[in-house]
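Everything in the sequence shown is counted per the numbering used here, starting at 32 for the first residue and increasing by one.
C-beta: ideal position from N, C-alpha, C; glycine also.
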Amino acid sequence: MKRIIILITVISSTIVHSAESRRRVFKNTATEEEQPKPKIRLQIFFESKCPDSKRFFGNQLTPMMNKIGDYIELELHPYGKATTNQTTGEFKCQHGPSECALNKIDACGIARLNEGTEQTLFVNCMFENSNIPQAVAGQYCCDQHKLDWTKEVQPCSEGTEGTELHRKHGEETHSLNPPVTWVPVIILNNKRGDEEYQKILTNYVFQETCSQLTKMNNRPPGC
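In structure tokens:
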């Protein structure tokens with residue numbers, strides 16, 4: 032009888048231990064699956080009336096963000112080759128005052144859109160409608176992205192908030208070394224590279240981003 036009791040106890044203990052082991056394995060596997068994979072950092076320094084910036088957004092960045100935007104940590108900096116007077120705080124933009132105004136509209140829209148793909152689509156919308164009055168383009172693009180032009184974006188772009196946002200984008204731009212001599216400047220995974228690499232990013236940013244994500248063991252299905 033004692034042998035039977037001991038045998039039953041051993042079997043029960045083995046079953047419990049086995050069940051606990053399976054639970055731990057399942058828990059560890061689930062935890063590994065739930066951990067978010069790292070995104071790749073992409074920084075774009077551009078200006079709102081630059082033909083090359085417009086072409087890059089329309090032909091390269093927007094299609095890519097629509098495909099694999101969830102894998103990208105995007106930073107957009109609308110400032111370009113502008114300068115800031117440190118005494119007066121006034122801006123001088125490459126394509127004149129209207130470009131400074133458009134940069135501020137872009138900055139105010141970007142600040143109100145939390146998701147990189149939406150930010151890209153908003154800026155691209157402004158590029159696509161750059162041949163019509165800024166207020167009309169701003170109203171239209173805000174409507175397309177559920178932003179309030181009259182109460183939010185326009186007051187921001189014409190007030191102190193827009194000025195401050197533009198100044199901060201300027202600080203980020205002026206911190207680049209070497210300084211900006213053309214736009215867009217594209218920095219992928221913290222690498223700016225030389226002029227040749229910039230040409231690759233300008234024309235093949237999707238392919239290069241997919242390549243880098245593959246190296247990070249996080250290749251998207253859209254690549």
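Query                                                                                             : Result
Rounded C-alpha distance that separates Gln-243 from Ile-71                                       : 8 Å
Neighbour-count burial assignment, Asp-83, 16 or more Cβ in a 10 Å radius                         : exposed
Rounded straight-line distance, which links the Cα of Gln-175 to that of Cys-187                  : 18 Å
Span of the alpha helix (DSSP H), counted from its first residue to its last, around Pro-128      : 128–143
Burial state of Ser-79, where buried means 16 or more other Cβ atoms lie within 10 Å              : buried
Per-residue burial, Ile-136 [other beta carbons within 10 Å of its own, 16 or more giving buried] : buried
Span separating the alpha-carbon of Thr-148 from that of Gly-120                                  : 31 Å
Glu-203 - DSSP class collapsed to helix/strand/coil                                               : helix
CB contact flag (Ile-99, Cys-254, <8 Å)                                                           : yes
Opposing strand residues paired with Lys-230 [DSSP bridges]                                       : BP columns for Lys-230 are empty, so no partner.
Cβ contact (3+ pairs, closer than 8 Å) linking the stretch 123–142 and the stretch 104–113        : yes
Inter-residue spacing [alpha-carbon to alpha-carbon] between Pro-69 and Val-216                   : 23 Å
Per DSSP, cross-strand counterpart(s) of Leu-105                                                  : Leu-73
Rounded C-alpha distance that separates Ile-163 from Tyr-171                                      : 11 Å
Exposed unless 16 or more other CB atoms sit within 10 angstroms - verdict on Thr-93              : buried
First and last residue of the uninterrupted alpha helix (DSSP H) at Val-167                       : 165–175
Residues near Lys-158 by beta carbon distance below 7 Å, same chain, minus five either side       : Before going on, a small fix: residue 158 reads as Phe here, not Lys. Within the same chain, Phe-158 has close Cβ partners Lys-85, Phe-88 and Gly-89.
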